[in-house]
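Structure first, commentary second.
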Amino acid sequence: MEVRNYETVFILTPVLNESQVQETVEKFSQVLKENSADIINTEAWGLKKLAYPIQKKNTGYYFLVEFTGSGNIVDTLELAFRRDERIIRFLTTVLDKNAVAYAERRRKGEMNQQKAKQSEAVAQ
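At position 109 of the sequence shown (counting the first as 1) the number is 303 in my numbering, and the numbers step up by one without a gap.
What follows is the structure in structure tokens.
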């Protein structure tokens, strides 16, 4: 099968403590590793307010995982998400070459540097 780049954002229930959050994230990283996926990047976006209540909760812990793998890895990962009651939402997308380049620039911090330069130019 063809190896593709994927990005998954998932939201954990806010009633978890810090160790439970880390344990959950590690569990899904392990699911990816067991199915021969290469994890490129993991970002913890923290506790954020939801746009609308989900399961009577108004906040959730957001996480982003970028990885490469074959097509069947997504089915396996999403099945694990559905089976875990700590996950309240998830979304997996396939990244095209432009999205991969954008994600790489975002990881390096180039996006914030461009915004800072633009705001400096406007201020002067």
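Using N, Cα and C, we set each Cβ at its ideal position, and we do this for glycine too.
Quiz item: Rounded to the nearest angstrom, how far is the Cβ of TYR256 from that of LYS242, given a contact under 8 Å?
Solution: The pair is a contact, with the Cβ atoms about 5 Å apart (cut-off 8 Å).
Exercise. Assuming GLY263 contacts ALA231 (C-beta within less than 8 Å), just tell me the rounded distance between them.
Key: That belief holds up - the Cβ atoms of GLY263 and ALA231 are roughly 4 Å apart, short of 8 Å.
Quiz item: Which class does GLU201 belong to by DSSP, given the choice of helix, strand or coil?
Solution: Strand at GLU201.
Quiz item: Do THR270 and ASN229 have their C-beta atoms within less than 7 Å of each other?
Solution: In contact: THR270 and ASN229 (Cβ atoms closer than 7 Å).
Practice problem: Return the CA-CA distance between VAL203 and THR218, expressed in angstroms with no decimal places. | Solution: Spanning the alpha carbons of VAL203 and THR218 requires a straight line of approximately 14 Å.
Practice problem: Could you tell me the boundaries of the alpha helix (DSSP H) in which ASP269 lies? | Solution: Annotation for ASP269: the continuous alpha helix (DSSP H) segment containing it runs 266-277.
Quiz item: Does the beta-carbon distance from GLU201 to GLU260 come in below 7 Å?
Solution: Yes, the Cβ-Cβ distance between GLU201 and GLU260 is below 7 Å.
Exercise. Could you spell out the range, first to last residue, of the alpha helix (DSSP H) harbouring LYS251?
Key: Looking at the DSSP string, LYS251 is not in any alpha helix (DSSP H); the run it does join, the beta strand (DSSP E), is 251-263.
Quiz item: Quick one: what's got a C-beta closer than 6 Å to ILE267's C-beta in the same chain, skipping five residues either side?
Solution: So the list reads ASN229, ALA231, once near-sequence residues are dropped.
Quiz prompt | Residues that ILE248 bridges to, as DSSP identifies them | solution = Answer is LYS251.
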